[in-house]
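Numbering (mature numbering (1 follows the signal peptide of the UniProt record, and there is no 0)), first residue to last: -19 to -1, 1 to 626.
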């Protein structure tokens, strides 16, 4: 239904009904630079003799005339003999829908370029004082002055208005109005032709112009509620609504929230549900998710994505952009499969992810991460966890993420990680910063495996790894990292290393290879207050190859091998500056906790003494743990017999 808020009745002038504009989908244009837009102008030619454009397009008008000589100036003027003249336009998109891609979209206004011009002239004989003003409004509620003009008594002056107006609240209508007032209010009213709107000389080209920039949105009723704003997010309560979110890329800069748990059984996909890559291969071409998604603690379960061909960037979100945020979301029993950059939450993250959990299976040829495939330089992931199976048929599998170039804090991984080459319990390669994280994942590779990661070129603080690490061929293997060329502080490993018969590779209790003893160049590897369990790892060699000419070599400073019993004594760590609950000498952040003589150090907010059978680390042995264990028995055969629970 067409809205008319400026006047409730239509006015007539010169026997013409001012019916207003009707905007059709065909009136909307698109360019690569501007996107979708609608443009309206009133030019010199539009006011040529016989043209009725002004009369037909204005929503209302009173006491105005079109000055239309065969030659000379053309303009809209206040009618002579009156004291108030006014008119207005309405640009209404509320009933406009555009077919874009394979879906129909509503349109909303993002901004408006507006241009107008007044010339006011007063006749000295009648001593007039004239004023004029133009105003605009989105959705017809509050009007804002755009151009004001006034001339006291005699004189002539021209007033210009030209500006870009940003819209807020996703309006679907724009209004423009103009009003002339004879301030003196004399009996003669306005003098003929002296008060003009849109005056244009014969050669003038700068007439009235409205260029309305538009954005596409899912049709009303697509979601359970909301308008996509930060204060009123789109609400998603069903599998159909989550599926619909994936269909409307124009909405992916908006805010969303889950209002219920969602079971995606039967909704199988061959690309990422949201922000999928549109082409095959390693380059991303698509619409990145730049909005916000709040799970509100709800769970999306049984999501299955099996990308066919060479499609990469696979997960619930294919690509999260810098302004994208994901929080308070749980994914349970997900199955993700693709070429590379595959993860439960996302293929690639450049945004912020907080308080999310993934449980399930992720498979890729390369670059598989159970939580995310790749955490970019701008990416930040906090207080999030993954458990399940991460499998790379070729190279690079990480229990949490494959590559980290950003920041990961307060996160954990568990389950089973396997790759042909380069398998890490938490990540494969770190060139960013990882703090306060741990993994209990079992790790296997044909070549090169690390309990926490494969290669560190960044910074790692306050982390630990406890699981089983195995390799099939001669290669690097270590309890914490297969290779280190960065800085590792306040970390420990208590992994069990499983080596093949007649192993000829390099096994290190803490690290497989670094450059700490290299000569003739810069040493990048650094360790501060780190430990490995000599009993579980089965080796007294902390770093197998530290860059010298022969192995084994003396271990670098900063890492110490201890027996299991000694590893369970808090004084070992507090004497090296670790911040524990119950002491203040090393700080009051209280990062670590321990049960003396019974447990390795754990984080203070972690379950310090889980009951037997607690697989997911929630300090409760329940049906979830039983199901996870049963699933492990069923699936472990596809990995290696050494990793069966």
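By construction, the Cβ of each residue, glycine as well, lies at the ideal position given by its N, Cα and C atoms.
1) Got a sec? Which residues, its chain only, sit under 8 Å from residue 20 by beta carbon, not counting five neighbours each side?
2) Assign residue 607 to one of three DSSP states: helix, strand, or coil.
3) Taking only the alpha-carbon atoms, compute the straight-line gap between residue 74 and residue 5 and give it to the nearest angstrom.
4) For residue 485, which residues of its own chain have a beta-carbon under 6 Å away from its beta-carbon, when the five flanking residues on both sides are left out?
5) Quick check for students: name the residue ranges of the beta strand (DSSP E) that lie wholly in the stretch 213 to 263, counting only runs of 3 or more.
6) Which of the three DSSP states, helix, strand or coil, is assigned to residue 445?
7) If you reduce the DSSP assignment to three classes, tell me which class residue 459 lands in.
8) Name the two residues that bound the continuous beta strand (DSSP E) containing residue 38.
9) Contact between the stretch 318 to 330 and the stretch 340 to 347: three or more CB pairs below 8 Å?
10) Note down the Cα distance separating residue 639 from residue 139, rounded to an integer number of angstroms.
11) Buried or exposed: where does residue 308 fall if 16 or more other Cβ atoms within 10 Å of its Cβ makes it buried?
12) Out of curiosity, what's the CA-to-CA distance linking residue 441 and residue 517?
13) Under a three-way DSSP split, which group does residue 437 fall into?
14) Residues in its own chain within less than 8 Å of residue 154 by CB, not counting five upstream and five downstream?
15) Taking residue 79 as the reference, give the member of 110, 157, 200 with the closest Cα.
16) Just to confirm before moving on: does the CB-CB distance between residue 424 and residue 476 stay below 9 Å?
17) Residues bridged to residue 509 by DSSP?
18) Verify whether the separation of the beta carbon atoms of residue 412 and residue 386 is less than 9 Å.
19) Taking 8 Å as the threshold, find out whether the stretch 260 to 275 comes into contact with the stretch 240 to 249 through three or more Cβ pairs.
20) When DSSP labels each residue in this structure, what does residue 313 get in the three-state scheme?
21) Quick check for students: name the residue ranges of the beta strand (DSSP E) that lie wholly in the stretch 24 to 89, counting only runs of 3 or more.
22) Of the residues 491, 515, 527, 100, which one's Cα is nearest the Cα of residue 505?
23) For residue 24, which of 102, 13, 188, 48 has the nearest alpha-carbon?
24) To which residues of the same chain is residue 600 closer than 6 Å at the C-beta, ignoring the five residues directly before and after it?
25) Measure the Cβ-Cβ separation of residue 490 and residue 523 and say whether it is below 9 Å.
26) What did DSSP end up calling residue 592 once you bin it into helix, strand or coil?
27) Taking residue 593 as the reference, give the member of 564, 382, 602 with the closest Cα.
28) Excluding sequence positions up to five away, which residues of its chain have a Cβ less than 6 Å from the Cβ of residue 363?
29) In angstroms, rounded to a whole number, what distance separates the CA positions of residue 595 and residue 435?
30) Is it right to say residue 554 is buried, meaning 16 or more other beta carbons lie within 10 angstroms of its own, or is it exposed?
31) Can you name the start and end residues of the beta strand (DSSP E) that residue 648 belongs to?
32) Taking 6 Å as the limit between beta carbons, can you name the residues of its chain near residue -6, skipping five residues before and five after?
33) Could you tell me which of 304, 262, 238 sits nearest to residue 269, measuring between CA atoms?
34) Short of 6 Å in beta carbon distance, which residues of its chain neighbour residue 1, apart from the five on each side in sequence? Order them along the chain.
35) Decide if residue 147 is buried, meaning its Cβ has at least 16 other Cβ atoms within 10 Å, or exposed.
36) Could you give the distance in angstroms between the alpha-carbon of residue 400 and the alpha-carbon of residue 483?
In this structure, then:
1) 10, 190, 191, 192, 193
2) helix
3) Computed Cα separation, rounded: 8 Å.
4) 455
5) 215 to 217, 236 to 239
6) Three-state result, residue 445: strand.
7) strand
8) Here residue 38 belongs to no beta strand (DSSP E); instead the alpha helix (DSSP H) covers 34 to 38.
9) yes
10) No information on residue 639 is available, as it lies outside the stretch -19 to 626 that the chain covers here.
11) buried
12) Rounded to the nearest whole angstrom, the C-alpha separation of residue 441 and residue 517 is 22 Å.
13) DSSP places residue 437 in the strand class (E or B) of the three-state scheme.
14) -17, 71, 72, 73, 74, 75, 90, 119, 120, 121
15) 200
16) yes
17) 470
18) yes
19) Result no; under three Cβ-Cβ pairs closer than 8 Å.
20) strand
21) 41 to 43, 45 to 48, 55 to 59, 65 to 73, 78 to 81
22) 527
23) 188
24) Listed in chain order, the non-local C-beta contacts of residue 600 below 6 Å within the same chain comprise 588, 591, local neighbours out to five positions each way being set aside.
25) yes
26) coil
27) 602
28) For residue 363, where only same-chain residues beyond five positions count, the Cβ hits under 6 Å are 335, 390, 391.
29) Each residue's Cα considered, the two are about 27 Å apart.
30) buried
31) Nothing can be reported for residue 648, as the shown portion of the chain is limited to -19 through 626.
32) For residue -6, the pLDDT reaches just 35, beneath the cut-off of 50, and the residue's location in the model is therefore unreliable, although a value from the coordinates is still provided. Excluding residues within five positions, none has a Cβ falling inside 6 Å.
33) 304
34) 40, 71
35) exposed
36) When rounded, the distance between both Cα atoms is 22 Å.
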